[in-house]
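All residue numbers in the sequence shown are consecutive under our numbering, ending with 964. C-beta: ideal position from N, C-alpha, C; glycine also. Structure, as structure tokens:
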Amino acid sequence: MAQQNLTTSTQPGIEFDDLLDFQWSQELVQLIPVSWMITYSCIPLGEDGNTVRVAFSEPTFLDHIEELELFLGKRIKPVQAPKEKIAACLQESETSQQVLNEATSGFKPQFSQSYDEKEEVLDAARLMDSQSPLVRLVDTLIYSALERRASDIHIETQARQVRVKYRIDGVLYDAMEPLDKSHHGTLISRVKVMAQLDIAEKRIPQDGRFKLHIHNRPVDFRVSIMPTIHGEDAVIRILDKDSANESFKELNLQVLGFEGELYTQLKKSITEPYGMVLVTGPTGSGKTTTLYACVSEIRNDEDKIVTIEDPVEYQLDGITQIPVHEKKGLTFARGLRSILRHDPDKILVGEIRDTETAQIAIQSALTGHLVFTTVHANNVLDVMGRFVNMNVDLHNFVSALNCVVAQRLVRLVCESCKKPDLIEPDWIKRSALDWDSWKNVTFYKGSGCLSCHGTGYRGRTVIAEMLILNDEMREAIKDRLPIREIKRLAVKSGMVFLRSAALSKLRQGLTTLHEINKVTFIE
Numbered sequence: 442m443a444q445q446n447l448t449t450s451t452q453p454g455i456e457f458d459d460l461l462d463f464q465w466s467q468e469l470v471q472l473i474p475v476s477w478m479i480t481y482s483c484i485p486l487g488e489d490g491n492t493v494r495v496a497f498s499e500p501t502f503l504d505h506i507e508e509l510e511l512f513l514g515k516r517i518k519p520v521q522a523p524k525e526k527i528a529a530c531l532q533e534s535e536t537s538q539q540v541l542n543e544a545t546s547g548f549k550p551q552f553s554q555s556y557d558e559k560e561e562v563l564d565a566a567r568l569m570d571s572q573s574p575l576v577r578l579v580d581t582l583i584y585s586a587l588e589r590r591a592s593d594i595h596i597e598t599q600a601r602q603v604r605v606k607y608r609i610d611g612v613l614y615d616a617m618e619p620l621d622k623s624h625h626g627t628l629i630s631r632v633k634v635m636a637q638l639d640i641a642e643k644r645i646p647q648d649g650r651f652k653l654h655i656h657n658r659p660v661d662f663r664v665s666i667m668p669t670i671h672g673e674d675a676v677i678r679i680l681d682k683d684s685a686n687e688s689f690k691e692l693n694l695q696v697l698g699f700e701g702e703l704y705t706q707l708k709k710s711i712t713e714p715y716g717m718v719l720v721t722g723p724t725g726s727g728k729t730t731t732l733y734a735c736v737s738e739i740r741n742d743e744d745k746i747v748t749i750e751d752p753v754e755y756q757l758d759g760i761t762q763i764p765v766h767e768k769k770g771l772t773f774a775r776g777l778r779s780i781l782r783h784d785p786d787k788i789l790v791g792e793i794r795d796t797e798t799a800q801i802a803i804q805s806a807l808t809g810h811l812v813f814t815t816v817h818a819n820n821v822l823d824v825m826g827r828f829v830n831m832n833v834d835l836h837n838f839v840s841a842l843n844c845v846v847a848q849r850l851v852r853l854v855c856e857s858c859k860k861p862d863l864i865e866p867d868w869i870k871r872s873a874l875d876w877d878s879w880k881n882v883t884f885y886k887g888s889g890c891l892s893c894h895g896t897g898y899r900g901r902t903v904i905a906e907m908l909i910l911n912d913e914m915r916e917a918i919k920d921r922l923p924i925r926e927i928k929r930l931a932v933k934s935g936m937v938f939l940r941s942a943a944l945s946k947l948r949q950g951l952t953t954l955h956e957i958n959k960v961t962f963i964e
């Protein structure tokens with residue numbers, strides 16, 4: 442087959458397609474081997490009889506058309522398309538899931554007892570070329586997790602099988618069909634080898650780390666091994682420092698979902714000359730990301746900003762970032778004391794866990810520093826009790842505090858398959874909503890597509906409540922007034938509670954009633 446130089450859209454004999462209307466379907470995914478699509482940066486556009494239209498981004502890849510024609514037994518009609526668009530289509534598709542299925546189908550129970558050391562670079566070519574089914578399976582699990590925007594990989598051991606799940610947008614999904622229990626030992630051992638843990642020890646928990654280069658960027662992984670009645674479970678936390686989410690390249694409060702009066706008030710608090718900005722919420726509610734967004738909003742060449750974190754999850758230019766290393770004695774408290782000797786203007790403390798850290802952070806805020814930090818509490822009012830239990834001086838704490846933000850994350854309806862949803866009046870009433878106020882509101886849901894992997898949701902946004910510490914509020918807390926009185930003052934000052942913030946997102950059609958009922962109390 443005569444090859445043509447694929448350089449411009451106007452070249453005779455080569456059709457050009459901008460792929461603006463391209464959408465994946467199961468038929469398209471099955472037309473060409475997934476490994477071929479990834480390796481040669483191409484996607485199938487459709488099939489007409491014995492001919493398959495394939496979009497290529499690089500002219501050199503045309504040299505492989507004959508190879509693909511022999512493999513498929515069909516003719517290939519090449520089409521030129523923008524390289525960036527092809528890359529975006531591949532990222533949105535289920536190609537990573539297809540690779541995962543191929544790795545699983547080739548998984549055999551007989552493994553060598555010698556395990557390969559981890560490779561520095563993990564890419565599609567390594568996945569397809571790996572000689573060890575075990576190494577290939579684990580590598581593919583990790584690669585696929587990054588492609589699907591997962592934050593964690595869970596390996597759960599049951600009586601007769603092993604289930605592997607991804608946490609995507611805060612919810613667990615099965616990554617593949619369950620594996621036979623006979624593969625459990627070798628699978629966990631491979632993860633232990635990568636994290637440099639003791640393979641022989643199976644009775645106590647173990648924690649470790651490893652790093653891989655994926656998509657030309659370093660990605661850190663934290664590993665936790667936990668013994669259960671059926672064997673050991675593993676959780677691999679993915680710490681993508683450069684963030685796989687494209688929108689986080691310009692990290693700011695509005696990208697996270699802060700809007701309206703809440704955004705205005707928070708922006709004002711983070712630009713104060715000194716004091717403490719405190720973000721609270723349960724594990725996985727995006728507290729640290731909000732702090733990063735705050736710091737990103739105010740960083741400049743005039744101020745020195747220093748952070749101490751466990752671990753450093755995002756890398757920000759122009760900011761000194763210090764990782765906690767408790768085994769070596771570098772705790773939050775010790776690190777914070779050292780930071781103060783480096784003449785910082787703004788300080789970010791990843792989490793306040795103990796009395797010593799709390800006291801140093803409060804003292805820093807009182808002596809001219811702007812301190813950003815987090816603490817675990819359910820809402821803005823519970824924060825006060827949390828610090829009282831740490832035996833800190835309530836007067837100093839309240840004097841140092843500028844504001845408290847309590848937040849949650851709700852999943853967003855997938856824009857690719859979004860459609861109106863019919864909500865029964867009874868469901869509205871059980872959600873403690875007034876039917877007359879909501880009967881004319883259009884609710885939405887996602888029907889499930891390749892873009893959202895059939896879940897109906899893609900991405901998350903913040904819902905938050907914010908307590909501003911004005912003079913009246915400070916006096917009420919110092920006098921230890923009842924919670925109901927502090928709530929009354931908060932409402933008087935214009936505070937919007939979490940439930941109301943969630944309902945606002947629902948009215949905008951951004952999320953679903955099921956989702957907000959899951960993360961906020963029905964009042």
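Coarse secondary structure for residue i, derived from DSSP in three states
i	result
Lys860	strand
Gly776	helix
Gln695	helix
Lys559	Low per-residue confidence applies at Lys559: pLDDT is 42, beneath 50, and the placement is therefore not dependable, though the value from the model is reported in the following sentence. Three-state DSSP puts Lys559 in coil, outside helix and strand.
Pro574	helix
Cys844	strand
Glu687	In this prediction, Glu687 scores a pLDDT of 49, lower than 50, which makes its location untrustworthy; no coordinate-derived value is stated.
Cys483	strand
Gly727	coil
Val753	coil
Gly547	Caution is warranted here: a pLDDT of 45 is assigned to Gly547, below 50, making its placement in the model unreliable, and the coordinate value is therefore given only provisionally. Reduced to three states, the DSSP call for Gly547 is coil.
Gln452	Because the pLDDT of Gln452 is 48, which lies under 50, any placement of that residue in the model is unreliable, and the number read from its coordinates should be weighed accordingly. Three-state DSSP puts Gln452 in coil, outside helix and strand.
Gly701	helix
Phe552	Its pLDDT being 32, under 50, Phe552 is placed unreliably in this model, and the value from its coordinates should be taken loosely. Looking at Phe552 - three-state DSSP - the assignment turns out to be coil, as it is neither helix nor strand.
Thr492	strand
Thr536	Its pLDDT being 49, under 50, Thr536 is placed unreliably by the model, and nothing is read from it.
Leu951	coil
Gly759	coil
Val882	coil
Thr712	coil
Thr796	helix
Under 8 Å between C-beta atoms of residue i and residue j
i	j	result
Leu944	Cys844	no
Ile629	Ile594	no
Val660	Leu757	no
Glu900	Gly887	The displayed chain sequence assigns Gly, not Glu, to residue 900. Cβ atoms of Gly900 and Gly887: not closer than 8 Å.
Val816	Leu850	no
Ile746	Lys787	yes
Ala847	Val812	no
Ala636	Ser585	no
His836	Lys769	no
Arg740	Ile711	no
Val790	Thr814	yes
Met831	Thr796	yes
Leu930	Glu913	yes
Asp459	Leu486	no
Ile479	Ala591	no
Val632	Pro619	no
Asp648	Val664	yes
Residues bridged to residue i [DSSP beta-bridge criterion]
i	result
Lys870	Looking at the DSSP assignment, Lys870 forms no beta bridge with any residue, so it has no partner.
Met667	Asp674
Tyr898	Val854
His766	Leu771
Met907	Val846
Lys518	Arg494
Val660	Leu653
Alpha helix (DSSP H) segment containing residue i, residue limits
i	result
His955	954–960
Tyr614	Element bounds for Tyr614: not the alpha helix (DSSP H) but the beta strand (DSSP E), 612–615.
Phe828	823–830
Opening and closing residue of the beta strand (DSSP E) in which residue i lies
i	result
Asp648	647–655
Gln602	602–609
Met717	716–721
Ala591	591–598
Phe813	811–816
Arg921	Looking at the DSSP string, Arg921 is not in any beta strand (DSSP E), and its letter there is neither H nor E.
Ile788	787–790
Lys946	Where Lys946 is concerned, there is no enclosing beta strand (DSSP E), although the alpha helix (DSSP H) it sits in stretches over 939–948.
Ile640	Looking at the DSSP string, Ile640 is not in any beta strand (DSSP E), and its letter there is neither H nor E.
Does the structure place the region 953–960 close enough to the region 854–870 that three or more beta carbon pairs sit under 8 Å?
yes
Please determine if the region 670–680 and the region 613–630 are in contact, where contact requires at least 3 C-beta pairs separated by less than 8 Å.
yes
Three CB pairs or more closer than 8 Å across the region 714–722 and the region 827–844:
yes
The region 521–530 touching the region 488–498, judged by at least three CB pairs closer than 8 Å:
yes
Three Cβ pairs or more, each shorter than 8 Å: is that satisfied between the region 762–782 and the region 794–804?
yes
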